[in-house]
Structure formats: structure tokens, C-alpha cells
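For reference, the structure is listed below as C-alpha cells.
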Amino acid sequence: MNTSNKHRFHIFEKASENDFHEIWKIIDDARNRMLCEGKKQWNKNYPSPSDIHNDIINETGFVLKDTFGQIDCFGAVIFGVEPAYETIEGAWLTEKEYVVVHRLAVSQKTQGQGIASYFMQQVEMLAKEKGIESFKVDTNFDNFAMMAVLDKLGFSYCGEISYEKGKRRAYEKKLKN
Numbered sequence: 015m016n017t018s019n020k021h022r023f024h025i026f027e028k029a030s031e032n033d034f035h036e037i038w039k040i041i042d043d044a045r046n047r048m049l050c051e052g053k054k055q056w057n058k059n060y061p062s063p064s065d066i067h068n069d070i071i072n073e074t075g076f077v078l079k080d081t082f083g084q085i086d087c088f089g090a091v092i093f094g095v096e097p098a099y100e101t102i103e104g105a106w107l108t109e110k111e112y113v114v115v116h117r118l119a120v121s122q123k124t125q126g127q128g129i130a131s132y133f134m135q136q137v138e139m140l141a142k143e144k145g146i147e148s149f150k151v152d153t154n155f156d157n158f159a160m161m162a163v164l165d166k167l168g169f170s171y172c173g174e175i176s177y178e179k180g181k182r183r184a185y186e187k188k189l190k191n
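Just so it is clear: in the sequence shown, position 7 is 21 by this note's numbering, and no numbers are missing.
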């Protein structure tokens with residue numbers, strides 16, 4: 015696990031309602047950036063403020079905060095079944111219980127600093143603490159930054175899964191406890 019000094023002061027914790035406005039700015043900035051770049055990962059209606067509120071209420075929203083309490087990253091960390099993952103064109107590496115990350119976004123001020131990778135590593139450690147042996151995630155075909163993070167962290171491409179709005183690339187990483 016990479017615990018480099020540049021991230022040692024980040025705190026990984028569940029998001030609270032007090033974090034909402036800062037999280038929403040990060041999500042909205044990321045969504046607008048993707049739309050300006052012509053990427054199809056998110057759209058003008060997704061994620062919505064209610065998606066983020068639900069993540070917080072359901073205690074699936076997690077943040078990385080710096081030493082000043084500023085949020086550098088947000089993601090929905092879900093333990094349980096992702097319905098879209100029940101059918102895959104390809105094959106998952108395992109049929110074990112898994113953790114999923116959705117709605118991952120890094121603040122503009124910390125882009126390119128390895129924050130997304132560090133967030134994913136923290137999710138991996140949390141999953142291992144819970145005895146979970148699989149980490150699954152999906153991303154759009156044009157989200158090259160996320161694909162690079164997944165490759166760097168040792169995820170394997172498993173095939174394609176389908177949502178109402180289209181197909182996504184599906185990845186899995188086996189976790190060793």
C-alpha cells in the first residue's frame with residue numbers, strides 16, 4: 015500500500031451534511047469539466063445534489079480532507095450488490111462480496127496529485143478491514159484518467175456492464191486479507 019508522505023496528512027472519513035456544499039462544488043466542477051471535454055461519464059443531471067445527499071444520509075459518502083479540513087476528494091463507497099454488475103459481457107474475477115466506488119471526484123486544486131489513487135487505496139483498506147475480498151468499479155470508455163488510476167492500482171479489465179444510459183468498462187481487483 016502506498017502511504018507516501020504527500021498524502022499522510024489526509025483524513026479518510028464518512029462525509030457529513032456539513033460537508034455537502036464543498037462536496038457539491040467538487041462534483042459540479044468535475045461534471046462541468048467532463049462535459050466541456052465532451053466526455054460521457056456524467057451528464058447535466060447526474061450526479062445530482064440529491065444523489066450526494068443520499069450518499070451522505072446512507073453513510074456511503076466518503077471524503078479525503080487535508081490538514082486544514084478542506085475536502086480534496088469525494089466518492090460513494092458501497093458495500094453490497096450493484097444491480098448493474100449482475101450481468102457482464104465478459105467475466106468478473108470472483109463471485110465474492112465486493113465494494114464499489116461511484117461518483118469519485120477530486121477537487122480542481124488537487125488534480126494530478128494522486129488524490130484519486132489515495133482515496134481508492136483507503137477504500138481498499140476499509141474493505142479489507144471488513145473482510146471483503148473484491149473491489150469492483152466501472153468507468154466510461156472516455157474516462158482515461160480513471161482508467162490510468164485503475165491500471166496503476168492493479169485492477170483488471172473484466173468486460174462491459176450496462177446502465178440505462180449506456181455501457182461502461184468494468185474492472186475488479188482481488189483483495190488479499
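C-beta: ideal position from N, C-alpha, C; glycine also.
*Can you list, in chain order, the stretches of the alpha helix (DSSP H) that have 4 or more residues and sit fully within the segment 45–116?*
Taking only runs of at least 4 residues, the alpha helix (DSSP H) segments lying wholly in the segment 45–116 are 63–71.
*Could you please give the first and the last residue of the uninterrupted beta strand (DSSP E) stretch that includes LYS181?*
Where LYS181 is concerned, the enclosing beta strand (DSSP E) stretches over 180–188.
*Can you tell me the Cβ-Cβ gap for ARG14 and ASP65, rounded? I've got them flagged as a contact below 8 Å.*
Since the first residue of the chain shown is 15 and the last is 191, residue 14 is not available in this structure.
*Starting from the Cα of ILE25, find the closest Cα among TYR185, LEU140 and VAL115 and give me that residue.*
When each option's Cα is compared against that of ILE25, the closest is LEU140.
*Is it buried or exposed for MET15, if we count other Cβ within 10 angstroms and need 16 for buried?*
Bear in mind that a pLDDT of 38 at MET15, under 50, signals an unreliable position, so the model cannot answer this.
*In its own chain, which residues sit with a C-beta less than 6 Å from the C-beta of SER121, not counting the 5 before and 5 after it?*
The beta carbon of SER121 sits closer than 6 Å to the beta carbons of ILE40 and ASP86 from its chain, once the five residues preceding and following it are set aside; these are given in chain order.
*DSSP state of LEU167, grouped into three classes?*
DSSP places LEU167 in coil when its eight states are reduced to three.
_Can you check which of these residues, LYS54, PHE149 and LYS123, is closest to VAL115 by C-alpha distance?_
Per the C-alpha coordinates, the member of LYS54, PHE149 and LYS123 positioned closest to VAL115 is PHE149.
*What is the DSSP secondary structure of ASP33, counted as helix, strand or coil?*
DSSP places ASP33 within a helical segment (H, G or I) once states are collapsed to three.
*Can you name the start and end residues of the alpha helix (DSSP H) that ILE146 belongs to?*
Unbroken run through ILE146: none, as it is neither H nor E.
*Spatially closest choice to GLY145 from TYR112, CYS50 and GLU174, by CA coordinates*: Relative to the Cα of GLY145, the nearest Cα in the group TYR112, CYS50 and GLU174 belongs to TYR112.
*Exposed unless 16 or more other CB atoms sit within 10 angstroms - verdict on ILE71*: Looking at its Cβ environment, which holds fewer than 16 other Cβ atoms inside 10 Å, ILE71 is exposed.
*Report the option in GLU178, GLU31, ALA130 and GLU138 whose CA atom is closest to the CA atom of ALA159.*
Looking at GLU178, GLU31, ALA130 and GLU138, the one whose alpha-carbon comes closest to that of ALA159 is ALA130.
_Please classify SER18 as buried or exposed, where buried requires at least 16 neighbouring CB atoms within 10 angstroms._
Unreliable placement is indicated for SER18, whose pLDDT of 45 sits below 50; the coordinate value is still reported in the next sentence. SER18 counts as exposed, since fewer than 16 other C-beta atoms from the protein chains shown sit within 10 angstroms of its C-beta.
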